[in-house]
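Asks: Protein chains in written order, with UniProt numbering: chain H, 1 to 584; chain U, 1 to 584.
Protein chains: 2
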Amino acid sequence: MYRSHSCGELRNSHIGTTVTLSGWVSKTRDKGFVVWIDLRDRYGITQLVLDEDRTSKELLEQARNLGREFVIQIKGEVIERASKNANIPTGDIEVLVSELNILNESKTPPFTIENETDGGEDLRMKYRYLDIRRNPVKNNLIFRSKVTMEVRKFLSGEGFIEVETPYLIKSTPEGARDFVVPSRMNEGQFYALPQSPQTFKQLLMVGGMDKYFQIVKCFRDEDLRADRQPEFTQIDCEMAFVEQEDILNVFENLTKYLLKEVNGVEIESFPRMTYDEAMSKYGNDKPDIRFGMEFGELNAVAQHKEFGVFNSAELVVGIAVPGAASYTRKELDALVNWVKRPQVGANGMVYVKCNEDGSFKSTVDKFYDQDDLAKWAEVTGAKPGDLICVLSGDANKTRTQLSALRMEMATRLGLRKPNEFAPLWVVDFPLLELDEETGHYHAMHHPFTSPKPGQLELLDTDPGAVRANAYDLVLNGNEIGGGSIRIHDKETQATMFKHLGFTPEEAKAQFGFLMDAFQYGAPPHGGLAFGLDRLVAILGGQETIRDFIAFPKNNSGRDVMIDAPAAIDNEQLKELNLKLDIQE
Amino acid sequence: MYRSHSCGELRNSHIGTTVTLSGWVSKTRDKGFVVWIDLRDRYGITQLVLDEDRTSKELLEQARNLGREFVIQIKGEVIERASKNANIPTGDIEVLVSELNILNESKTPPFTIENETDGGEDLRMKYRYLDIRRNPVKNNLIFRSKVTMEVRKFLSGEGFIEVETPYLIKSTPEGARDFVVPSRMNEGQFYALPQSPQTFKQLLMVGGMDKYFQIVKCFRDEDLRADRQPEFTQIDCEMAFVEQEDILNVFENLTKYLLKEVNGVEIESFPRMTYDEAMSKYGNDKPDIRFGMEFGELNAVAQHKEFGVFNSAELVVGIAVPGAASYTRKELDALVNWVKRPQVGANGMVYVKCNEDGSFKSTVDKFYDQDDLAKWAEVTGAKPGDLICVLSGDANKTRTQLSALRMEMATRLGLRKPNEFAPLWVVDFPLLELDEETGHYHAMHHPFTSPKPGQLELLDTDPGAVRANAYDLVLNGNEIGGGSIRIHDKETQATMFKHLGFTPEEAKAQFGFLMDAFQYGAPPHGGLAFGLDRLVAILGGQETIRDFIAFPKNNSGRDVMIDAPAAIDNEQLKELNLKLDIQE
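This is the structure:
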């Protein structure tokens, strides 16, 4: 038996008992006549003590020579500490060591195994197995496990069945970002790894499974933006015989349950906002509503004056940044430069200081008098002390730019509090999205998303105006889930395909298999998928998913710890009937 | 709202209430003046009724024309049935339909959606989404979901953390059966899909995760035997600071918990048997101990007579088949032919009828008298009425052959009862296995399996005799789990590699990464993995895993429903820097 207790377990009540502990040597303090060792395992740290009075010379010497991260087993008596440590649960006691057994030695780790480490990101990733010993990473992984367990408890309690769908599926012509897997047994043929179990969950609905969920890995071979992973995890859900309202209720309840169980936060009910409202109020379909700074559209009050820039703009729109009237000229210039960075892309920014005395001072005083600016303040909700920031131009682009500024200012002002949770349903997404390059519409969600009742006719006259039974769940400015009610009847589906520019033959080639299945009594159905990595990160009060993944990949899709991907040998390629085709 | 109740919910207490139901038309019985419809969903079947007295003509006509598997929604009043059906929970009531809404039509399904279907295996797999509507398949999937939920509840309760390990990993030189995944972003390089998370779970132990589990898909690109799948699911577990006994305890408790929660069966404690004992008693390292027919070794009593076949055999071994003395000559000949089939491979079989009067009649009466045969009966435990079947030859082969016969006879005699559960630990597996072709030893489990304490020296003198800290959990003659205590110190590991014929360079190339990690304080650790597909099938009282998998692949690794794997287009190959290399 390697241990009688964990290193996080001993308390005052154990004083006087003999215990056996195992763990890693986290720290050794050698005062000559006395040696203290912090012994660490997953559950905590227990202080060990050896001294000249009570410990044999040999043992003391052995303890003195223990290196960092050595794995040891000790036996000893739990005693009261002279100077207690209120910061750790075991801080009242220490263990007087009577036996010490080195289970394994350790080379000096390349970074310190502490909450705040001296290891940079690259080193931590290369030695991820050591990084995981650190509390912040370890606790994130434990947190993730707790979240998934609670998700399963809730959904099982609601009658959902977890069904495993296959990982070796079929590549589809539009699946350009599929990872493929050559089949040795089927010469020249490939499986594909699923980008999501979408087809299979819809088939399970055709199969009468009624309520399905799965926590499942998905794969996408795309150029990775920061904080994306080629393999990611979804909580994938689908229900039959439901309308949008049924789905929103179930998954609002799931999210409430998680917030309560995991974060101890109770939220009565989630606000809902249409896509159009989110775009006009926040310039963003996943607004962070933990703070205000709602958009004020200024066309009516800022156009038709002498300021040509605004007059020629499709949209003039501003936000009132609380307390920022006190910004210095230098700070303001920096802010203007910030919005002009290529990542944001504004041509410039007009601003108005709302002075404490009720007067205004703007960069466009030449064109607007105090009464004009007072109207701007009214529209943006600016109060004395605020700074009104105004952007103008093409409506969509300007909204996106101002949204970026709004988020930036909120971050600077500390308004994005990680322990405050503001969930929001964004509903009524457009069914179709115009591809600016090709001039064609394509499905915003996917081609099986159903239009709002009665809007099918609009597809002919004003396709961009058609709204879908599609919804996103937003938490603190991040999309954590999204889904839709699916089309289940073939007439609507045929109309959709026509408008997406598919000939019946093309539709059959790409989606024929699912369409065939739908001819055998597909029930009305719909669903939702949560991005687990992000959900867990946000519930954990962070925005970076990487530290909630045990073994993440870097931005080139590489696992630097195991050094994958890697070349494989020719024998293996030959067995797969493949040749490399690399341009020198 | 599509329904107020499910189709499995209504009882006497609902009589008089108005309900809305949705589901599939399972059966329509048209008696002219009255039409009954069985409406089916996941939860059950509810009988609908429409008749000339109480239903409008139009509605009755509409009901009459409903096809099988049409999806409908109805509204109506719950009424008492005239002739009740005690076979279904809703059998006391029916619903008098007042409104009927066709939600979707259905083509006539290619087979009947009944517990006993007229569809063959191929057709069922092609239309798996219809097959899943059938109770036997649907219930298996629900059962699987329940088992995994209970596994997670138990292990979470024991402090295990579920950690997701990566699917896109690295192919190893010995990983000839790895599925590989070309990386678009890393030219000419490949990921591999994991055959198991073995490396990562050991790294998690190095990382201090202490108790890890994961229910996880694994992949193996091998020629498929019947009832194997290229993707399969494991319950993968690992613990640190444990000895074999700790692991056996935890997973015995898990299995007991499952048997109780899922099957309502309580088992006090699982018997244990060494590998050697299992081989000599049952000729099999996963013996089915639900029945006897233990091997009796007959060398001492059957050799040194005139019968050359036995005299020259390494092993003479028999079993007593209960009640089979009554077999006719024809049946006995058939049995001899059965053991001579290439799948079994015996050269012949000697048998002894144990007559009810205490006398014996054998095929070798020329060489053995009644006293001789009485000794055989004693050794095999044969009673009057039994048939002693005796095989001889090379010890290992003969044991395997007799084991096959034992299982066959048990099946014929109905001794393999699906609702009887006989778990068994098989322990002390050999560390090494002799490859008869090459004459080299290789690791029986894997090269990180630790030898029994004190046996390391034996590696030099008698490698085949070294026993490992390796164990299998056997249930009803199937290996449902297996694992080992791992080597965690580099000296033992180096010795192992030497004996497995690896040069230090080769060992470094293949396992260097894990060995590096082990230098930073690897704790003593060990684990176990269950094959979930088989575990679920056996707990479900069946031996075929396929019907416990939602979308299984066939013996060629194909998904006949979606027709995968399939060719991919040249554009995609080019992006992956690959060319097909197919011999015409």
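Cβ atoms here follow ideal geometry from the backbone N, Cα and C, with glycine treated the same way.
According to DSSP, D489/U sits in a beta bridge with which residue or residues?
Replies: Mapped onto the second sequence, residue 489/U falls at position 489. None; D489/U has no bridge partner.
Asks: Per DSSP, which residues does S484/H bridge with? Please list them.
Replies: On the first sequence, residue 484/H is found 484 positions in, with the first residue counted as 1. Bridge partners of S484/H: A470/H, G527/H.
Asks: Which of the three DSSP states, helix, strand or coil, is assigned to R144/U?
Replies: For the purposes of this step, residue 144/U is taken as residue 144 along the second sequence, with counting starting at 1. Helix, per DSSP.
Asks: Beta-carbon of K138/H versus every beta-carbon of chain U: anything under 8 Å?
Replies: Locating residue 138/H in the first sequence gives position 138, where the first residue counts as 1. For K138/H, the answer is yes, since a Cβ of chain U falls inside 8 Å of its Cβ.
Asks: Show which residues of chain U have a CB atom less than 9 Å away from the CB atom of E505/H.
Replies: Mapped onto the first sequence, residue 505/H falls at position 505. What E505/H touches in chain U: nothing, since even the nearest Cβ is about 16 Å away.
Asks: Listed from N- to C-terminal order along the chain, which residues in the region 179 to 192 of chain U have their beta-carbon within a distance smaller than 8 Å of any beta-carbon of chain H?
Replies: Going along the region 179 to 192 of chain U in chain order, one finds F179, V180, V181, P182, S183, R184, M185, N186, E187, G188, Q189, F190, Y191, A192 with a Cβ nearer than 8 Å to chain H.
Asks: Do the CB positions of G482/H and L224/H come within less than 8 Å of each other?
Replies: In the first sequence, residue 482/H corresponds to position 482, counting from 1. In the first sequence, residue 224/H corresponds to position 224, counting from 1. Contact flag unset, no.
Asks: Any C-beta of chain U sitting closer than 8 Å to the C-beta of residue 585/H?
Replies: Given a span of 1 to 584 for chain H in the structure shown, any question on residue 585/H remains unanswerable.
Asks: What span of residues does the alpha helix (DSSP H) with V309/U cover, start to end?
Replies: Stepping through the second sequence from its first residue, residue 309/U is reached at position 309. Its alpha helix (DSSP H) spans residues 308 to 311.
Asks: Using 8 Å for Cβ pairs, my map puts L21/U next to W36/U. What's the rounded Cβ distance?
Replies: Taking the first residue of the second sequence as 1, we reach residue 21/U at position 21. Taking the first residue of the second sequence as 1, we reach residue 36/U at position 36. So it is not a contact: roughly 14 Å between Cβ atoms.
Asks: Rounded to the nearest angstrom, what separates R467/H and G521/U at their Cα positions?
Replies: Within the first sequence, residue 467/H is the residue found at index 467, counting from 1. Within the second sequence, residue 521/U is the residue found at index 521, counting from 1. The straight-line gap from Cα to Cα measures roughly 58 Å.
Asks: Consult DSSP for H442/H and reduce its assignment to one of helix, strand or coil.
Replies: Taking the first sequence and counting its residues from 1, one reaches residue 442/H at position 442. Three-state DSSP puts H442/H in a strand.
Asks: Quick one: which chain U residues come within Cβ less than 9 Å of S106/H?
Replies: Against the first sequence, residue 106/H aligns to sequence position 106. By Cβ distance, chain U contributes Q519, Y520, G521, A522.
Asks: Listed from N- to C-terminal order along the chain, which residues in the region 243 to 266 of chain H have their beta-carbon within a distance smaller than 8 Å of any beta-carbon of chain A?
Replies: The structure shown has no chain A; the protein chains it does contain are H and U.
Asks: Closer than 8 Å is the cut-off here; do at least three beta carbon pairs connect the region 213 to 233 of chain U with the region 500 to 514 of chain U?
Replies: They do not touch, by the three-pair rule.
Asks: Tell me which residues share the same chain as N355/H and place their Cβ nearer than 6 Å to its Cβ, disregarding the 5 neighbours each side in the sequence.
Replies: By 1-based counting over the first sequence, the position of residue 355/H is 355. Counting only Cβ-Cβ distances below 6 Å, and skipping sequence neighbours, we find nothing.
Asks: Taking the Cβ atom as the reference point for each residue, do W425/U and R272/U lie within a distance shorter than 8 Å?
Replies: Sequence index remark: in the second sequence, residue 425/U carries index 425 (1-based). Sequence index remark: in the second sequence, residue 272/U carries index 272 (1-based). Their beta carbons are under 8 Å apart, which means W425/U touches R272/U by this criterion.
Asks: What's the C-alpha gap between L373/U and N337/U?
Replies: For the purposes of this step, residue 373/U is taken as residue 373 along the second sequence, with counting starting at 1. For the purposes of this step, residue 337/U is taken as residue 337 along the second sequence, with counting starting at 1. Going by the C-alpha atoms only, they are around 23 Å apart.
Asks: Which residues mark the beginning and the end of the beta strand (DSSP E) in which A192/H is found?
Replies: On the first sequence, position 192 is the one that residue 192/H refers to. First-last of the beta strand (DSSP E) with A192/H: 190 to 192.
Asks: Rounding to the nearest angstrom, what Cα-Cα distance links T380/U and N253/U in this structure?
Replies: Here residue 380/U refers to the residue found at position 380 when the second sequence is read from its first residue. Here residue 253/U refers to the residue found at position 253 when the second sequence is read from its first residue. Going by the C-alpha atoms only, they are around 34 Å apart.
Asks: Cutting at 6 Å between CB atoms, please list the residues of its own chain near E105/U, excluding the five before and the five after it.
Replies: In the second sequence, counting from the first residue as 1, residue 105/U sits at position 105. Contacts found: F70.
Asks: Cα separation between L203/U and N140/U?
Replies: Here residue 203/U is taken as the residue at index 203 of the second sequence, counted from 1. Here residue 140/U is taken as the residue at index 140 of the second sequence, counted from 1. Approximately 35 Å between the Cα atoms of the pair.
Asks: Helix, strand or coil for E150/H per DSSP?
Replies: Here residue 150/H refers to the residue found at position 150 when the first sequence is read from its first residue. Helix.
Asks: For L60/H, tell me which candidate among K579/H, E77/H, G32/H has the shortest Cα-Cα distance.
Replies: As a position in the first sequence, residue 60/H is number 60, starting the count at 1. It is G32/H whose Cα lies nearest to the Cα of L60/H.
Asks: Hey, is S26/U's beta-carbon within less than 8 Å of any beta-carbon in chain H?
Replies: In the second sequence, the residue the question calls residue 26/U occupies position 26. Cβ-Cβ to chain H under 8 Å: no for S26/U.
Asks: So what does DSSP say about P463/H, is it helix, strand or coil?
Replies: The count along the first sequence starts at 1 and reaches residue 463/H at position 463. Helix, per DSSP.
Asks: Grouping DSSP H, G and I as helix and E and B as strand, with all else coil, what is K417/U?
Replies: Position 417 of the second sequence, counted from the first residue, corresponds to residue 417/U. Residue state, collapsed to three classes: coil.
Asks: I'd like the span of the beta strand (DSSP E) that includes T28/U, first residue to last.
Replies: Position 28 of the second sequence holds residue 28/U. Note, T28/U: beta strand (DSSP E), 18 to 30.
Asks: From N135/U to V19/U, what distance separates their C-alpha atoms?
Replies: Here residue 135/U refers to the residue found at position 135 of the second sequence. Here residue 19/U refers to the residue found at position 19 of the second sequence. So the two alpha carbons sit approximately 24 Å from each other.
Asks: Going by Cα to Cα distance, which pick from F251/U, G119/U, E261/U, V206/U is closest to F270/U?
Replies: Locating residue 270/U in the second sequence gives position 270, counting from the first residue. Minimum Cα distance to F270/U is reached at F251/U.
Asks: Just to confirm the assignment, what range does the beta strand (DSSP E) spanning G557/H have?
Replies: Counting from one through the first sequence, the residue named residue 557/H turns up at place 557. From DSSP, G557/H is part of no beta strand (DSSP E); its letter is neither H nor E.
Asks: Please report whether the beta-carbon of N476/U lies at a distance below 8 Å from any beta-carbon of chain H.
Replies: Reading the second sequence from its first residue, position 476 is the one you call residue 476/U. By this cut-off, N476/U is not an interface position.
Asks: Please check if any C-beta of chain H sits within less than 8 Å of the C-beta of E99/U.
Replies: As a working note, residue 99/U is residue 99 in the second sequence. Judged by the 8 Å Cβ criterion, E99/U is not in contact with chain H.
Asks: Could you pull out every residue in the same chain whose Cβ sits closer than 8 Å to the Cβ of M561/H, ignoring the five residues on either side in sequence?
Replies: Looking up residue 561/H in the first sequence gives position 561. Here the set comprises M125, K126, Y127, R128, Y129, F551.
Asks: Could you check whether the Cβ of R29/H sits closer than 8 Å to any Cβ belonging to chain U?
Replies: Residue numbering aside, residue 29/H sits at position 29 when the first sequence is read from its first letter. Judged by the 8 Å Cβ criterion, R29/H is not in contact with chain U.
Asks: For the region 53 to 82 of chain U, which residues have a CB atom closer than 7 Å to at least one CB atom of chain H, in sequence order?
Replies: So the list reads E69, F70, V71, given in the order they occur along the chain.
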